[in-house]
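There are 2 protein chains.
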Amino acid sequence: MKENMMKKLDSHFGDVNKLYIGEIDMKNFWEVQDRKIIYKSGIVSFKEEKCYHTKKKIIHPFFKMEFLDWVNIVPLTTKEEVVLVKQYRFGINEVTLEVPAGTLDKGEQDPQLAAQRELLEETGYSSNDIVSLGKVAANPAIQNNYCHFYLAKDVILTSEQDLDLTEDIDIELVKLTEIDSLISSGQIKHSLSILNLLYAKEYLNK
Amino acid sequence: MKENMMKKLDSHFGDVNKLYIGEIDMKNFWEVQDRKIIYKSGIVSFKEEKCYHTKKKIIHPFFKMEFLDWVNIVPLTTKEEVVLVKQYRFGINEVTLEVPAGTLDKGEQDPQLAAQRELLEETGYSSNDIVSLGKVAANPAIQNNYCHFYLAKDVILTSEQDLDLTEDIDIELVKLTEIDSLISSGQIKHSLSILNLLYAKEYLNK
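For the protein sequence lines, the chains are A and B, in the order given.
Going left to right, the first sequence walks through residues 448 to 653 as the working numbering numbers them.
Going left to right, the second sequence walks through residues 448 to 653 as the working numbering numbers them.
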């Protein structure tokens, strides 16, 4: 799969584009008539858009969350260990095991630099060999943002953690060969962490 | 990877559990002091919890979204074509190509039945051979819910679509062998769709 996953579309591109013939028509079905901000806090905002369907002649409210882009990074040591982070997560009221991750800061343009920053802040590890593994839409139904995936090769511990006051993060080194078991058992359960790990394994052909 | 991904943890389980020694202490750092509902609409609610950190003696507001669980399903025909859905998504203002998906209805208990229901409603296809591929936490940092993944084998067209008034969904049959290209090119970009497709390919050993 690696070859297909990592290369850009080549000869298929013409055919694939045909899938999108209907795009413009579909886009034009809904018109935003009104927009109200429900919640705004720092770099996050939640909006309700009252939309009008030009064919069906109906009005419906849609909910939308606006975030800055997110970054996830798989840090790999020379001993083929993955540096994971363990932290309490409010969404599910549990401590989870994840890859280092975070959001772009306001004004921050380069997701790769953001990923390297998050890696250093959350773990104290850094790398001079960062591989971009692509990006995905976090949840296009209700969110506007993308999550960018990276692999940091040959990471080394270069500093102390530099955490926000509200963060408590422990580090766990896990063998790359144990990642599949941790995913299948549900110990690693964050959808974006799993996707980043699978992309990294694919890239490494492991 | 298939073998590892699909089997439950066996001999590793003891070791893996050691990763969670700190869990109880970390859980007890934050106490919810106040909780207010910011937005509630149907089966979705957004809350802000004012929390007190018992060690650091600080108060901080955390945002949390409560959804019912979600389901994603990869429908595969006997000709090894995947039945994808194409629809306008408000989050990114684009038409996307995704696997059939949805949320559990209020009172609906069985995610597999929900996935079969969504498959039938969105595409008109159905199957008597559904495989469960596990679940992931959609985003444990800010959401409480899980997304359950399925593979529907040997699907056949058995009815018309049965869409909500607010839905406009087109069907696209794509060869299973073209899925990797569609992901790498960004044509398929929804994080959960991609994860479901990778799990299905892993299960099918393709």
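The C-beta atom is built at its ideal place from N, Cα and C for all residues, glycine as well.
Because the structure is a prediction, the values reported are computed rather than measured.
Practice problem: Could you list the residues in the stretch 569 to 600 of chain A with a C-beta less than 9 Å from some C-beta on chain E, going in chain order? | Solution: Among the protein chains in the structure shown, which are A and B, there is no chain E.
Quiz prompt | As assigned by DSSP and simplified to three states, the class of residue 469 of chain B | solution = On the second sequence, residue 469 of chain B is found 22 positions in, with the first residue counted as 1. Bear in mind that a pLDDT of 40 at residue 469 of chain B, under 50, signals an unreliable position, so the number given afterwards is only what the model happens to contain. Coil, per DSSP.
Exercise. Name the residue from B/645, B/518 and B/600 whose alpha carbon lies nearest to the alpha carbon of residue 526 of chain B.
Key: Here residue 526 of chain B corresponds to residue number 79 of the second sequence, with the count starting at 1. Considering only alpha carbons, the answer is B/600.
Practice problem: Take the Cβ of residue 482 of chain B as the centre, count every other Cβ of all protein chains shown within 10 Å, and call the residue buried at 16 or more, exposed below. | Solution: Taking the second sequence and counting its residues from 1, one reaches residue 482 of chain B at position 35. With fewer than 16 neighbouring CB atoms inside 10 Å of its own CB, residue 482 of chain B falls in the exposed class.
Quiz item: Do residue 546 of chain B and residue 644 of chain B come within 8 Å of each other at the CB atom, strictly closer than that value?
Solution: By 1-based counting over the second sequence, the position of residue 644 of chain B is 197. By 1-based counting over the second sequence, the position of residue 546 of chain B is 99. Contact flag set, yes.
Quiz prompt | CA-to-CA distance, residue 579 of chain A to residue 551 of chain A, given in whole angstroms | solution = Position 104 of the first sequence holds residue 551 of chain A. Position 132 of the first sequence holds residue 579 of chain A. Linking residue 551 of chain A to residue 579 of chain A through their CA atoms gives a straight-line distance of about 16 Å.
Practice problem: Determine the extent of the alpha helix (DSSP H) in which residue 558 of chain A is found, giving its start and end residues. | Solution: By one-based count along the first sequence, residue 558 of chain A stands at place 111. Counting along the chain, the alpha helix (DSSP H) containing residue 558 of chain A begins and ends at 558 to 570.
Quiz prompt | C-alpha gap between residue 509 of chain B and residue 624 of chain B, whole angstroms | solution = Here residue 509 of chain B refers to the residue found at position 62 when the second sequence is read from its first residue. Here residue 624 of chain B refers to the residue found at position 177 when the second sequence is read from its first residue. Spanning the two alpha carbons is a distance of roughly 43 Å.
Self-check item: Status (buried if at least 16 other CB within 10 Å, exposed otherwise) for residue 536 of chain A
Solution: Taking the first sequence and counting its residues from 1, one reaches residue 536 of chain A at position 89. Flag for residue 536 of chain A reads buried.
Self-check item: Limits of the alpha helix (DSSP H) - the one that residue 610 of chain B falls within
Solution: If you number the second sequence from 1, residue 610 of chain B lands on position 163. From DSSP, residue 610 of chain B is part of no alpha helix (DSSP H); its letter is neither H nor E.
Quiz item: How about residue 494 of chain B and residue 484 of chain B: are their beta carbons less than 8 Å apart?
Solution: As a first step, residue 494 of chain B is located in the second sequence; it is residue number 47 there, counting from the start. As a first step, residue 484 of chain B is located in the second sequence; it is residue number 37 there, counting from the start. Yes; because the gap between Cβ atoms is below 8 Å, this pair is in contact.
Quiz item: Under a three-way DSSP split, which group does residue 624 of chain A fall into?
Solution: As a position in the first sequence, residue 624 of chain A is number 177, starting the count at 1. Reduced to three states, the DSSP call for residue 624 of chain A is helix.
Quiz item: Is it buried or exposed for residue 603 of chain B, if we count other Cβ within 10 angstroms and need 16 for buried?
Solution: Taking the second sequence and counting its residues from 1, one reaches residue 603 of chain B at position 156. Of the other Cβ atoms in all chains shown, fewer than 16 fall within 10 Å of the Cβ of residue 603 of chain B; this residue is therefore exposed.
Quiz item: Between the beta-carbon of residue 618 of chain A and the beta-carbon of residue 530 of chain A, is there less than 8 Å?
Solution: Translated into the one-based positions of the first sequence, residue 618 of chain A becomes position 171. Translated into the one-based positions of the first sequence, residue 530 of chain A becomes position 83. Contact: yes.
Quiz item: Using a C-beta to C-beta distance shorter than 7 Å, which residues of chain B count as neighbours of residue 536 of chain A?
Solution: Counting from one through the first sequence, the residue named residue 536 of chain A turns up at place 89. Scanning chain B for C-beta atoms nearer than 7 Å to the C-beta of residue 536 of chain A yields 587 and 588, reported in chain order.
Practice problem: Grab the span of the alpha helix (DSSP H) containing residue 649 of chain B for me, first residue to last. | Solution: As a first step, residue 649 of chain B is located in the second sequence; it is residue number 202 there, counting from the start. Run containing residue 649 of chain B: 638 to 651, per the alpha helix (DSSP H) assignment.
Quiz item: What residue from B/631, B/642, B/633 and B/573 has the CA that sits closest to residue 630 of chain A's CA?
Solution: Numbered from its first residue, the first sequence carries residue 630 of chain A at position 183. The residue with the shortest Cα to Cα distance from residue 630 of chain A is B/642.
Quiz item: Start and end of the beta strand (DSSP E) containing residue 660 of chain B?
Solution: Shown here, chain B extends from 448 to 653; a query on residue 660 of chain B therefore has no answer.
Quiz prompt | Heavy atom of the ligand FAD within 7 Å of residue 617 of chain B beta-carbon | solution = Absent from the structure shown: the ligand FAD. Ligands present: none.
Quiz item: According to DSSP, is residue 539 of chain B helix, strand or coil?
Solution: As a working note, residue 539 of chain B is residue 92 in the second sequence. The three-state secondary structure of residue 539 of chain B, taken from DSSP, is coil.
Quiz item: Would the stretch 513 to 522 of chain B and the stretch 558 to 571 of chain B be scored as touching if the rule is three or more Cβ pairs under 8 Å?
Solution: Cβ pair count under 8 Å is three or more, so yes.
Quiz item: Residue range of the beta strand (DSSP E) that residue 550 of chain A falls in?
Solution: One-based indexing of the first sequence puts residue 550 of chain A at position 103. From DSSP, the beta strand (DSSP E) with residue 550 of chain A extends over 548 to 550.
Quiz item: Between residue 543 of chain A and residue 573 of chain A, is the Cβ-Cβ spacing less than 8 Å?
Solution: Walking along the first sequence from the start, residue 543 of chain A turns up at place 96. Walking along the first sequence from the start, residue 573 of chain A turns up at place 126. No, these two residues do not count as a Cβ contact at 8 Å.
Quiz item: Taking C-beta to C-beta, are residue 549 of chain B and residue 646 of chain B nearer than 8 Å?
Solution: Start at 1 with the first residue of the second sequence, and residue 549 of chain B comes out as number 102. Start at 1 with the first residue of the second sequence, and residue 646 of chain B comes out as number 199. No. Outside cutoff.
Exercise. Run down chain B in chain order and give the residues with a C-beta less than 8 Å from the C-beta of residue 499 of chain A.
Key: Mapped onto the first sequence, residue 499 of chain A falls at position 52. Correct list: empty, because the minimum Cβ distance to chain B is about 12 Å.
Exercise. Answer yes or no: does any C-beta atom of chain B fall closer than 8 Å to that of residue 527 of chain A?
Key: Start at 1 with the first residue of the first sequence, and residue 527 of chain A comes out as number 80. Interface criterion not met: the Cβ of residue 527 of chain A is under 8 Å from no Cβ in chain B.
Quiz item: Residues of chain B with a CB under 9 Å from the CB of residue 486 of chain A: which are they?
Solution: As a position in the first sequence, residue 486 of chain A is number 39, starting the count at 1. Those within 9 Å of residue 486 of chain A in chain B are 485, 486, 493, 495 and 510.
Practice problem: Return the CA-CA distance between residue 478 of chain B and residue 608 of chain A, expressed in angstroms with no decimal places. | Solution: The residue labelled residue 478 of chain B in the question sits at position 31 within the second sequence. The residue labelled residue 608 of chain A in the question sits at position 161 within the first sequence. Taking the Cα positions, residue 478 of chain B is about 24 Å away from residue 608 of chain A.
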